[in-house]
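**Student:** Here it is: the structure, laid out below.
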Amino acid sequence: MAELTPFKDWPWQHWASHQPDAIALITDVASLTWQQLNLNVINLAYHFDKQGLKKGQTVILRGKNSVELLLSQLAILRCGAKVLPLNPRLPILLLEELLPHLNIDFVIDFADGLLNAFHYSTLTLPPDLTVSQKLTHYDLPCFCELTRQPATLILTSGSTGLPKAAVHSMFAHLDSANGVLQAMDYQQSDCWLLSLPLFHVSGQGILWRWLGRGARLAIKSSPLTQALQGITHASLVPTQLWRLLNQEENPPLTLRQVLLGGATIPTSLTNLASSQGIECWSGYGMTEMASTVCAKRADGKKGVGLPLIGKQVRLMDSEIQIQSQSQAMGYWFDGEIKPLKTQDGWFKTNDKGAYIDGEYHVIGRLDNLFISGGECVQPEDIESIINSHPAVSQSFIIPIDDAEFGQRPVAVIELIDKSVLAGIADWLKDKLAPYQYPVHFYPLDAELKNTGIKVSRQQVKSWVHQQIFSS
2 MAELTPFKDW PWQHWASHQP DAIALITDVA SLTWQQLNLN VINLAYHFDK QGLKKGQTVI
62 LRGKNSVELL LSQLAILRCG AKVLPLNPRL PILLLEELLP HLNIDFVIDF ADGLLNAFHY
122 STLTLPPDLT VSQKLTHYDL PCFCELTRQP ATLILTSGST GLPKAAVHSM FAHLDSANGV
182 LQAMDYQQSD CWLLSLPLFH VSGQGILWRW LGRGARLAIK SSPLTQALQG ITHASLVPTQ
242 LWRLLNQEEN PPLTLRQVLL GGATIPTSLT NLASSQGIEC WSGYGMTEMA STVCAKRADG
302 KKGVGLPLIG KQVRLMDSEI QIQSQSQAMG YWFDGEIKPL KTQDGWFKTN DKGAYIDGEY
362 HVIGRLDNLF ISGGECVQPE DIESIINSHP AVSQSFIIPI DDAEFGQRPV AVIELIDKSV
422 LAGIADWLKD KLAPYQYPVH FYPLDAELKN TGIKVSRQQV KSWVHQQIFS S
């Protein structure tokens, strides 16, 4: 694969100079060339500058993916300010606890206006984002002086508590993009669907790969099947790909490469995809590393492959530790960047791992381990078996206190068909050790899925305790 372009100017401005008439952005109704995209970003940045946005300030972008949100992120960066993309589903009680610590200067709320309750200054967008000629008078910071400065605040999943705001520079995002671009075949004539939200690090990963390669990005509001028409690359979960490959009435897929996440990927799925000309990739990543750390062609094995270019991985007392130039600068809190938890410069992930048959395996979170009847129980071991059932989308094993055994496992399962829950309990009986077998089974409550891509294990735990101890 070609090396990542060493940018001396803003990536979109670079591509506007080198391939001005090439398509950069595809929407439901139109396309933008790199030249048009660059002009729109400059226009919007100038518009924000006139409203008082200054270098180093922080702007919340709250909403689902849209052209306006994307252009706003680029324009805010162009002003030298920091972007905090915010999930519109985060509850107001969490925001009331979190946002006062993040030093917010402005907001742009593309959702329901909930942020009005916080009385932050609002940035407005012009009635027409499109411009036909370059503005001649503007004084905005240059790319070279901002490359390694804080650019984005991306919230961690908050799976064990209050989300943290990981701080990344543009250099870190581009370095992360380079690792994936060196592995996957993504050319300038290809088009990656922005199928993941920009408030999640995986969505940011798509954006920066697009900017790094100078390829095409698609933002579509139509259902996934229609949105994928003409798309060569996408980031999906296995269930989505299963459904796409088995829909006979739709036009043939143009997909060539899919980055899969969220679950173990069965060989039957990758074989079916391969028969239709689609390469499937799987991997391991995290917010603190600006997205993907390890990746491989999906092969049905549980491993996550080897570190991408620019990444180093080691195991210390079974903990996965990582070094990379894409590493976050720290966590933003009360006007300061708090350091990551590191050991000799290696980021301590708190993920339990192993190196087996030439690749790394992620076994689970070290802090999820519990003891039941004197036996060590790793929830992810049980979840992996439950998730192999064809009717299961995902599952969570939650420990509850037990007078005799110390703690016992409870299963919370997201099902394609809720009527099979009892059948799954029977199906598991010969697949788990007695100390692993759940004492209760619950379907995943829909409300627990409303806070982002990743369901909070802590919230599932609280919900389980309510079901058991309030009844």
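Residues 2 to 472 in our numbering are what the sequence shown spells out, letter by letter. C-beta atoms are modelled at their ideal positions from N, C-alpha and C, and glycine is treated no differently. Owing to the predicted nature of the structure, the values given are computational and were not obtained by experimental measurement.
#1: Note down, one range per segment and in chain order, each beta strand (DSSP E) of at least 3 residues found wholly within the segment 423–471.
#2: Could you tell me whether the segment 123–130 touches the segment 247–262, where touching means 3 or more Cβ pairs closer than 8 angstroms?
#3: With DSSP as the reference, please indicate the residues paired to Glu-320 in a beta bridge.
#4: Using 8 angstroms as the threshold, is the C-beta distance between Ala-412 and Ser-396 below it?
#5: Are Gly-304 and Glu-381 close, meaning C-beta to C-beta below 8 angstroms?
#6: How would you call Ser-275, buried or exposed, if buried means at least 16 neighbouring beta carbons within 10 angstroms?
#7: At which residues does the beta strand (DSSP E) containing Leu-85 begin and terminate?
#8: Looking only at C-alpha atoms, which of Glu-146, Ser-122, Thr-157, Gly-53 sits nearest to Pro-86?
#9: Ordered along the chain, which non-local residues of its own chain (more than five positions away) have a Cβ less than 6 angstroms from that of Pro-151?
#10: Look at Thr-288 and Ile-207 and say whether their C-beta atoms are less than 8 angstroms apart.
#11: Does DSSP put Ala-299 in a helix, a strand or coil?
#12: Do you know offhand how far Asp-402's Cα is from Leu-141's?
#13: Please report how far the alpha carbon of Ala-291 lies from the alpha carbon of Ala-355, in whole angstroms.
#14: Do Ala-173 and Tyr-332 have their beta-carbon atoms positioned less than 8 angstroms apart in this structure?
#15: How close, in whole Å, do the beta carbons of Ile-220 and Thr-28 come, if the pair is a contact with beta carbons under 8 angstroms?
#16: Give the C-beta separation of Leu-78 and Asn-41 to the nearest angstrom, bearing in mind that I take them to be a contact with Cβ-Cβ under 8 angstroms.
#17: Can you give me the C-alpha to C-alpha distance between Ser-373 and Arg-409, rounded to a whole angstrom?
#18: Give the DSSP-derived three-state secondary structure of Ile-417 in the structure shown.
#19: Judging by CA-CA distance, which residue of Ser-389, Arg-244, Gln-467 is the nearest neighbour of Pro-267?
#20: Can you tell me the Cα-Cα spacing of Pro-198 and Ser-327, whole angstroms?
#21: Looking only at its own chain, which residues have a Cβ that is under 7 angstroms from the Cβ of Trp-347, when we skip the five neighbours before and after it?
#22: Going by Cα to Cα distance, which pick from Gln-183, Ser-203, Leu-429 is closest to Lys-474?
#23: Got a sec, what are the start and stop residues for the alpha helix (DSSP H) Trp-282 sits in?
#24: Just to check my reading of the structure: Ala-184 and Leu-309 have Cβ atoms closer than 8 angstroms, yes? What is that Cβ distance to the nearest angstrom?
#25: Mark Met-171 as exposed unless 16 or more other C-beta atoms lie within 10 angstroms of its C-beta, in which case mark it buried.
#26: Measure the alpha-carbon distance for Leu-26 versus Gln-37 and round it to whole angstroms.
#27: Could you compute how far the alpha carbon of Ala-423 sits from the alpha carbon of Gln-379?
#28: Measure the Cβ-Cβ separation of Trp-13 and Leu-254 and say whether it is below 8 angstroms.
#29: Below 8 angstroms between beta carbons: does that hold for Thr-233 and Cys-192?
#30: So the candidates are Gln-248, Asn-39, Ile-105, Trp-282; which of them puts its Cα closest to the Cα of Leu-182?
#31: Would you kindly work out how many angstroms separate the C-alpha atoms of Leu-115 and Phe-442, rounded to a whole number?
#32: When the Cα of Gln-437 is compared with those of Phe-119, Glu-384, Leu-95, Pro-7, which residue comes out closest?
**Tutor:** According to the structure shown:
#1: 441–444
#2: no
#3: In the sequence shown, counting from the first residue as 1, residue 320 sits at position 319. According to DSSP, Glu-320 bridges with Met-317, Lys-353.
#4: What you label residue 412 is simply residue 411 of the sequence shown in a count that begins at 1. What you label residue 396 is simply residue 395 of the sequence shown in a count that begins at 1. Contact flag set, yes.
#5: Working through the sequence shown from its first residue, we reach residue 304 at position 303. Working through the sequence shown from its first residue, we reach residue 381 at position 380. No. Outside cutoff.
#6: Here residue 275 is taken as the residue at index 274 of the sequence shown, counted from 1. So Ser-275 ends up on the exposed side.
#7: The count along the sequence shown starts at 1 and reaches residue 85 at position 84. From DSSP, the beta strand (DSSP E) with Leu-85 extends over 83–87.
#8: Stepping through the sequence shown from its first residue, residue 86 is reached at position 85. Selected option, being the one with the closest Cα: Thr-157.
#9: Here residue 151 is taken as the residue at index 150 of the sequence shown, counted from 1. Contacts found: Lys-83, Val-168.
#10: Working through the sequence shown from its first residue, we reach residue 288 at position 287. Working through the sequence shown from its first residue, we reach residue 207 at position 206. Going by C-beta atoms, Thr-288 is not nearer than 8 angstroms to Ile-207.
#11: As a working note, residue 299 is residue 298 in the sequence shown. Residue state, collapsed to three classes: coil.
#12: Sequence index remark: in the sequence shown, residue 402 carries index 401 (1-based). Sequence index remark: in the sequence shown, residue 141 carries index 140 (1-based). Distance between the alpha carbons of Asp-402 and Leu-141 is about 58 angstroms.
#13: The residue you call residue 291 lines up with position 290 of the sequence shown. The residue you call residue 355 lines up with position 354 of the sequence shown. Rounded to whole angstroms, Ala-291 to Ala-355 spans 22 angstroms at the Cα level.
#14: In the sequence shown, counting from the first residue as 1, residue 332 sits at position 331. In the sequence shown, counting from the first residue as 1, residue 173 sits at position 172. It is not a contact, given that the beta carbons lie outside the stated cut-off.
#15: Your numbering for residue 220 matches position 219 in the sequence shown. Your numbering for residue 28 matches position 27 in the sequence shown. Right, their Cβ atoms sit about 6 angstroms apart.
#16: As a first step, residue 78 must be located in the sequence shown, where it is residue number 77. As a first step, residue 41 must be located in the sequence shown, where it is residue number 40. 14 angstroms between Cβ atoms; not a contact.
#17: Position 372 of the sequence shown, counted from the first residue, corresponds to residue 373. Position 408 of the sequence shown, counted from the first residue, corresponds to residue 409. Using only the alpha carbons, I get a separation of about 6 angstroms.
#18: Locating residue 417 in the sequence shown gives position 416, counting from the first residue. In the structure shown, Ile-417 sits in coil (DSSP, three-state: anything other than H, G, I, E or B).
#19: One-based indexing of the sequence shown puts residue 267 at position 266. Of Ser-389, Arg-244, Gln-467, the residue nearest in Cα terms is Ser-389.
#20: Within the sequence shown, residue 198 is the residue found at index 197, counting from 1. Within the sequence shown, residue 327 is the residue found at index 326, counting from 1. Those two C-alpha atoms are separated by around 20 angstroms.
#21: Numbered from its first residue, the sequence shown carries residue 347 at position 346. Only Arg-315, Gln-322, Ile-323, Gln-324 meet the Cβ criterion.
#22: The question about residue 474 has no answer here: the residues shown for the chain are numbered 2 through 472.
#23: Taking the first residue of the sequence shown as position 1, residue 282 is located at position 281. No alpha helix (DSSP H) contains Trp-282, which is instead part of the beta strand (DSSP E) from 280–287.
#24: As a first step, residue 184 must be located in the sequence shown, where it is residue number 183. As a first step, residue 309 must be located in the sequence shown, where it is residue number 308. Contact flag correct, Cβ pair sits at about 6 angstroms.
#25: In the sequence shown, residue 171 corresponds to position 170, counting from 1. Buried: at least 16 other Cβ atoms inside 10 Å.
#26: Residue numbering aside, residue 26 sits at position 25 when the sequence shown is read from its first letter. Residue numbering aside, residue 37 sits at position 36 when the sequence shown is read from its first letter. Those two C-alpha atoms are separated by around 10 angstroms.
#27: Stepping through the sequence shown from its first residue, residue 423 is reached at position 422. Stepping through the sequence shown from its first residue, residue 379 is reached at position 378. Approximately 23 angstroms between the Cα atoms of the pair.
#28: For the purposes of this step, residue 13 is taken as residue 12 along the sequence shown, with counting starting at 1. For the purposes of this step, residue 254 is taken as residue 253 along the sequence shown, with counting starting at 1. No, the pair does not count as a contact, with Cβ atoms beyond the cut-off.
#29: Working through the sequence shown from its first residue, we reach residue 233 at position 232. Working through the sequence shown from its first residue, we reach residue 192 at position 191. Result yes, Cβ atoms of Thr-233 and Cys-192 sit closer than 8 angstroms.
#30: Numbered from 1 along the sequence shown, position 181 holds the residue referred to as residue 182. Ranking Gln-248, Asn-39, Ile-105, Trp-282 by Cα distance to Leu-182 puts Trp-282 first.
#31: Here residue 115 corresponds to residue number 114 of the sequence shown, with the count starting at 1. Here residue 442 corresponds to residue number 441 of the sequence shown, with the count starting at 1. Roughly 36 angstroms separates the two Cα atoms.
#32: Residue numbering aside, residue 437 sits at position 436 when the sequence shown is read from its first letter. Here the closest residue by C-alpha is Glu-384.
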